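A.B. asks: Protein chains in written order, with the numbering used here: chain P, 71 to 344; chain A, 985 to 1313; chain B, 5 to 286.
Glycine included, C-beta positions come from ideal geometry on N, C-alpha and C.
These figures come from a predicted structure and were not determined experimentally.
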Amino acid sequence: MPSIRATADVPATVLQIRGLNVRYLTPGGSVTAVDGVDLDVHAGECLGIVGESGSGKTQLLLSILGLLPPQARIGGSVRYRGTELLALPADQLNRVRGARIAMIFQDPMTALNPYMRVLDQLREVACLHDGLTRKAAEERALAMIEGVHIGEPARRARQYPHELSGGMRQRIMVAMALMAEPEIILADEPTTALDVTVQAQVLALLQEVRERTGAALVLVTHDLGVVAQLADRIGVMRAGKLVELAGCEELFAAPRHPYTQSLLRALPSLDGIP
Amino acid sequence: MSEALLRVRALDVSYAVQQRGRNVRLRALRGVSFELLRGEALAVIGESGSGKSTLGRAVLRLIDVDAGEIVFRGQDLLRLRGEALRRMRAHLQMIFQDGLSALDPRMQIGAILGEPLQVFRPELTRAERHAAAGAMLERVGLTRAQLGRYPHEFSGGQAQRIGIARALIVGPELIVCDEPLSALDVSIKAQIAALLKSAQQETHVALLFIAHDLPAVRQLCDRVLVLYLGRVMEIAPTEALFRAPVHPYTRALLAAVPVPDPRRARARRIAPLAGEVPSALAPPSGCVFRTRCAHAVDRCAQEVPELRAIGHSLVACHRAEELIGSAPG
Amino acid sequence: MSGSLWSEAWRRLRANRAAIGGGGLLLLIVLAALLLPLLSPYDYYTLDWQHLYLPPGAHGWHLLGTDALGRDLLVRTMWGCRVSLLVGIAASIVSVLIGVLWGTTAGYIGGRTDALLMRAVDVLYSVPFIPFVIVLTVLFGRELLLIFVAIGAVSWLDIARIVRGQTLALKSREFIEAARVAGLRAPAMILRHLVPNLLGIVVIYATLTIPTVILFEAFLSFLGLGVQSPMTSLGSLVAEGAGRMQSFPHLLLVPAVLLAAIIFCFNFLGDGLRDALDPRDR
Chain P
71 MPSIRATADV PATVLQIRGL NVRYLTPGGS VTAVDGVDLD VHAGECLGIV
121 GESGSGKTQL LLSILGLLPP QARIGGSVRY RGTELLALPA DQLNRVRGAR
171 IAMIFQDPMT ALNPYMRVLD QLREVACLHD GLTRKAAEER ALAMIEGVHI
221 GEPARRARQY PHELSGGMRQ RIMVAMALMA EPEIILADEP TTALDVTVQA
271 QVLALLQEVR ERTGAALVLV THDLGVVAQL ADRIGVMRAG KLVELAGCEE
321 LFAAPRHPYT QSLLRALPSL DGIP
Chain A
985 MSEALLRVRA LDVSYAVQQR GRNVRLRALR GVSFELLRGE ALAVIGESGS
1035 GKSTLGRAVL RLIDVDAGEI VFRGQDLLRL RGEALRRMRA HLQMIFQDGL
1085 SALDPRMQIG AILGEPLQVF RPELTRAERH AAAGAMLERV GLTRAQLGRY
1135 PHEFSGGQAQ RIGIARALIV GPELIVCDEP LSALDVSIKA QIAALLKSAQ
1185 QETHVALLFI AHDLPAVRQL CDRVLVLYLG RVMEIAPTEA LFRAPVHPYT
1235 RALLAAVPVP DPRRARARRI APLAGEVPSA LAPPSGCVFR TRCAHAVDRC
1285 AQEVPELRAI GHSLVACHRA EELIGSAPG
Chain B
5 MSGSLWSEAW RRLRANRAAI GGGGLLLLIV LAALLLPLLS PYDYYTLDWQ
55 HLYLPPGAHG WHLLGTDALG RDLLVRTMWG CRVSLLVGIA ASIVSVLIGV
105 LWGTTAGYIG GRTDALLMRA VDVLYSVPFI PFVIVLTVLF GRELLLIFVA
155 IGAVSWLDIA RIVRGQTLAL KSREFIEAAR VAGLRAPAMI LRHLVPNLLG
205 IVVIYATLTI PTVILFEAFL SFLGLGVQSP MTSLGSLVAE GAGRMQSFPH
255 LLLVPAVLLA AIIFCFNFLG DGLRDALDPR DR
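See the structure below:
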């Protein structure tokens, strides 16, 4: 049982995960990536999920949108506004993916199509989900590129992903995620591969996006500093299990689970940083 | 005042790249100068495009250098060739970023550790090498029994320990550490950092610690050198740098580090550094940081700032004196 | 998971039934080629005018019949097998040795040496093989050794290119940098670090070169450029049998089937080795 502290008033729950488990059958036996996780995501909140590599945090995220490989065995329940996502047929799931629940990946180079210009990729999302005309979709795409603070948006829109820097590519990913105005944004280590100053920019952007659109953000990372900045609540994962779930300040001030305590102890202090 | 173990002066390193089908030179390091004392740990921090990895490899003479001086133990490494350079390597070792790929997958650990000994201590017998390797393996927290294993049987953290053992086994005076903690998990990072620190204290080896992870740097290093787009921005003692950074880039860098303390993280009022790192193929004139600097003036575009002493630090900024004592950002 | 990469690879190979089957059959063929001629009362060159063109099992110990000159087909086929395998394996070894040395040197040293060495390879590639062999045969006669040289001289080109590519890829791996930092000289670096890591791919290509070489030799023999009569190879036998194919099909079928079987076995083995040694599969 994860140690759950009472948070303030309990707002509307947009995503309800119950008893989620993900297993893989390997020649050596069954490997459990996610082990019986119960989790709620509230409207408009930022939920941070921290853990080290192998803790299952990425698998958790991928299972919400059905993005796991076919050999994964998934059990439990993931309900989005009452609809069970795990049982949803492909075409209905596609309507949810990208439109209601969007995802930002760690490596934008693999998430972006290297053969398509940036504008075309963004436009594709809009046409697909909201059935906008080409012109209207293009306008929204350009507006979105500006909205993620990319200088010279018209010029950048016509470029290919490899012509942009890492930080810009990540911001394009954010723009893509926002195109259909989702209710929940899932972010899988969105800043891990970025330089620290670029990370600060992207995190500030994510914060701004949340304030602007009211979307909920589920942020998976191994960096406790990142969640300290953005998250309202934090879940700690280890070996597939959710071992602690608490409000941000409580977790740092008084961690209950020994694993959380050891994680916090392993952090060097940064006193005196402005 | 100990004499400098390593003295780098006006180092210029560039390499050829393809740009739109033509060969151009990308200048990775320009005019880099610094000193490293015996037993000291100097951190080299910088983001992508700063040239920090290039610096490490240049000091080790793994890549070619265009101009400048690298004086190590009184000898200019750039003038050494062949056998003399090879013999110098006994005093100058390296630890790599990816511990596993730095080990030959087809060799046993005992052989990997024994190799530097074979080269530099040929008088040792096989048994003596084996014994030394075993002792070093235990020193880094593994067991003698693992001498017979192969690299793929170890985790990233363990592989890094083996890399440290290999670097230490010939008793070098300087170890270049190329982002040794980047590929490791949080809890393992702390262990390996502690191992490096204790090894340093025991053997008084100097470290050139290339990193982008600022908290680890604070723990391990005596002084910090900040690189941006191939040029040195600031060199300062660690605590001085972290408590009172002078150069605008250093300030922005430190302000951007996520702090694992919610109250302080949210209380921060500094806006993140705007803009992108300019392309190294077309760096800005004068001070390379001026395109993103909130304090840039005309002079910054015309003149490259020299590294000058401000208090305990060396800073390359025309307006350094004015900025001291002012609020960061 | 303990043990070297070799023992792991061996385990994977053992699990591959096609490869083991191929290897087993190959072993059988080699044994037969070595032993059957010793057990048979006939040799491969004595003519027997009274028993020409016998079908299989018709007379005495001619289990597979006789050919146009009354010579026992079984014994001749086994001798032909010996020659084909000898040429195949020997020429492959020679070409592998040359190819590996050439490729590692070009890849490791790089720069102008690399360009020079690889341009030489490009030029040799464009040499037309058959006229080359014909010229050699005219100059030096039809010696078995000559066949080795001719075939070996051509097949090392592929291996050189592949080894050079692998060397380039390995050169930038961190453990090679680590070896430089450890003070190794170039020859030690190549022998101790590059070659063992190249062995995997070299073994695979060697196993796949052998059938190519055997086929080359068969082709040469078919054209009449191969080993001198009465010595024979599978290719020569096929050539002889093809001429009388309609009347005495066994003369063609026996060597052809054996040749095909050998090629198949080497290919299965080579594929199995590739799967077993491929480090990416971990």
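Touching or not, the stretch 1148-1156 of chain A and the stretch 297-316 of chain P, by the rule of three or more beta carbon pairs under 8 Å?
C.D. replies: Counting Cβ pairs under 8 Å, fewer than three are found: no touch.
A.B. asks: With a floor of 4 residues, list each alpha helix (DSSP H) that falls wholly inside the stretch 1090-1170 of chain A, ordered by position along the chain.
C.D. replies: Counting whole runs of 4 or more residues, the stretch 1090-1170 of chain A contains the alpha helix (DSSP H) stretches 1093-1104, 1110-1123, 1140-1152.
A.B. asks: Using DSSP bridges, identify the partner residues of residue 164(P).
C.D. replies: BP columns for residue 164(P) are empty, so no partner.
A.B. asks: With DSSP run on the structure shown, which of helix, strand or coil describes residue 1060(A)?
C.D. replies: Reduced to three states, the DSSP call for residue 1060(A) is strand.
A.B. asks: Put residue 70(B) into one of helix, strand or coil per three-state DSSP.
C.D. replies: Strand, per DSSP.
A.B. asks: How many Å lie between residue 101(P) and residue 157(P) at the Cα?
C.D. replies: Their Cα atoms are separated by approximately 22 Å.
A.B. asks: Does residue 299(P) come within less than 8 Å of chain A when only Cβ atoms are used?
C.D. replies: So yes, residue 299(P) belongs to the interface.
A.B. asks: How many angstroms separate the CA atom of residue 63(B) from the CA atom of residue 237(B)?
C.D. replies: Going by the C-alpha atoms only, they are around 24 Å apart.
A.B. asks: Quick check on residue 73(P) - is its C-beta less than 8 Å from some C-beta in chain A?
C.D. replies: Low per-residue confidence applies at residue 73(P): pLDDT is 37, beneath 50, and the placement is therefore not dependable, though the value from the model is reported in the following sentence. Cβ-Cβ to chain A under 8 Å: no for residue 73(P).
A.B. asks: Going along chain A in order, which residues have a C-beta closer than 7 Å to the C-beta of residue 294(P)?
C.D. replies: Within chain A, the residues near residue 294(P) are 1244.
A.B. asks: Please state whether the Cβ-Cβ distance between residue 28(B) and residue 214(B) is less than 8 Å.
C.D. replies: Not closer than 8 Å, so no.
A.B. asks: Per DSSP, which residues does residue 1215(A) bridge with? Please list them.
C.D. replies: Per DSSP, 1212(A).
A.B. asks: Could you check the C-alpha separation between residue 1137(A) and residue 1127(A) for me, to the nearest Å?
C.D. replies: Approximately 14 Å between the Cα atoms of the pair.
A.B. asks: Figure out for me which residue from 148(P), 275(P), 212(P) has the closest Cα to the Cα of residue 85(P).
C.D. replies: Among 148(P), 275(P), 212(P), the Cα nearest to that of residue 85(P) belongs to 148(P).
A.B. asks: Flag residue 1106(A) as yes if its beta-carbon sits less than 8 Å from any beta-carbon of chain P, otherwise no.
C.D. replies: Output row for residue 1106(A): interface = no.
A.B. asks: Assess, as a yes-or-no matter, whether the stretch 44-51 of chain B is touched by the stretch 66-76 of chain B under the definition of 3 or more beta carbon pairs within less than 8 Å.
C.D. replies: Yes: at least three Cβ pairs fall under 8 Å.
A.B. asks: Using 8 Å for Cβ pairs, my map puts residue 1221(A) next to residue 1206(A). What's the rounded Cβ distance?
C.D. replies: 7 Å between Cβ atoms; contact.
A.B. asks: Roughly how many angstroms separate the alpha carbons of residue 5(B) and residue 1135(A), rounded to a whole number?
C.D. replies: Below a pLDDT of 50, predicted positions are generally treated as unreliable, and residue 5(B), at 36, falls in that range; no measurement from the model is reported.
A.B. asks: Please report the residue range of the alpha helix (DSSP H) in which residue 1284(A) lies.
C.D. replies: Note, residue 1284(A): alpha helix (DSSP H), 1282-1286.
A.B. asks: Under a three-way DSSP split, which group does residue 91(P) fall into?
C.D. replies: In the structure shown, residue 91(P) sits in a strand (DSSP, three-state: E or B).
A.B. asks: Pull up the distance between the alpha-carbon of residue 145(B) and that of residue 35(B), whole angstroms please.
C.D. replies: Computed Cα separation, rounded: 31 Å.
A.B. asks: If the cut-off is 8 Å on Cβ atoms, which residues from the stretch 237-267 of chain P count as contacting chain A, listed in chain order?
C.D. replies: Answer in chain order: 237, 238, 265, 266, 267.
A.B. asks: For residue 125(P), does the count of other Cβ atoms within 10 angstroms reach 16, so buried, or fall short, so exposed?
C.D. replies: Looking at its Cβ environment, which holds 16 or more other Cβ atoms inside 10 Å, residue 125(P) is buried.
A.B. asks: With a threshold of 16 other CB atoms inside 10 Å of the CB of residue 181(B), please say whether the residue is buried or exposed.
C.D. replies: So residue 181(B) counts as buried.
A.B. asks: With DSSP run on the structure shown, which of helix, strand or coil describes residue 152(P)?
C.D. replies: Residue 152(P): coil per DSSP, three-state reduction.
A.B. asks: Consult DSSP for residue 1012(A) and reduce its assignment to one of helix, strand or coil.
C.D. replies: In this structure, residue 1012(A) counts as strand in the three-state DSSP scheme.
A.B. asks: Measuring only the C-alpha atoms, how far is residue 228(B) from residue 37(B)?
C.D. replies: Each residue's alpha carbon lies about 23 Å from the other.
A.B. asks: Check residue 1268(A) in the structure and name its three-state DSSP category.
C.D. replies: Note: residue 1268(A) maps to coil in three-state DSSP.
A.B. asks: Whole alpha helix (DSSP H) runs in the stretch 118-197 of chain B with 4 or more residues, listed along the chain?
C.D. replies: Within the stretch 118-197 of chain B, the complete alpha helix (DSSP H) runs of at least 4 residues are 133-144, 148-175, 178-185, 190-193.
A.B. asks: Taking 8 Å as the CB-CB cut-off, is residue 1165(A) touching chain P?
C.D. replies: Output row for residue 1165(A): interface = no.
A.B. asks: Quick check: the stretch 153-172 of chain B against the stretch 83-101 of chain B, are there 3 or more CB pairs under 8 Å?
C.D. replies: Because the criterion of three Cβ pairs below 8 Å is met, the stretch 153-172 of chain B and the stretch 83-101 of chain B touch.
A.B. asks: Spatial neighbours of residue 1289(A) within its chain, please: C-beta separation below 7 Å, excluding the five flanking residues on both sides.
C.D. replies: 1271, 1300, 1301, 1302.
A.B. asks: Is residue 1281(A) close to chain P? Criterion is C-beta to C-beta, closer than 8 Å.
C.D. replies: Not closer than 8 Å to any Cβ of chain P, the Cβ of residue 1281(A) fails to qualify, so no.
A.B. asks: For the stretch 1185-1202 of chain A, which residues have a beta carbon sitting closer than 8 Å to at least one beta carbon of chain P?
C.D. replies: If the cut-off is 8 Å between Cβ atoms, the stretch 1185-1202 of chain A has 1196, 1198, 1199, 1200, 1202 near chain P.
A.B. asks: Check for me: the alpha helix (DSSP H) holding residue 996(A) runs from which residue to which?
C.D. replies: First-last for residue 996(A): 988-1003, but that is the beta strand (DSSP E), not the alpha helix (DSSP H).
A.B. asks: Mapping the DSSP letters down to three states, classify residue 276(B) as helix, strand or coil.
C.D. replies: Three-state result, residue 276(B): helix.
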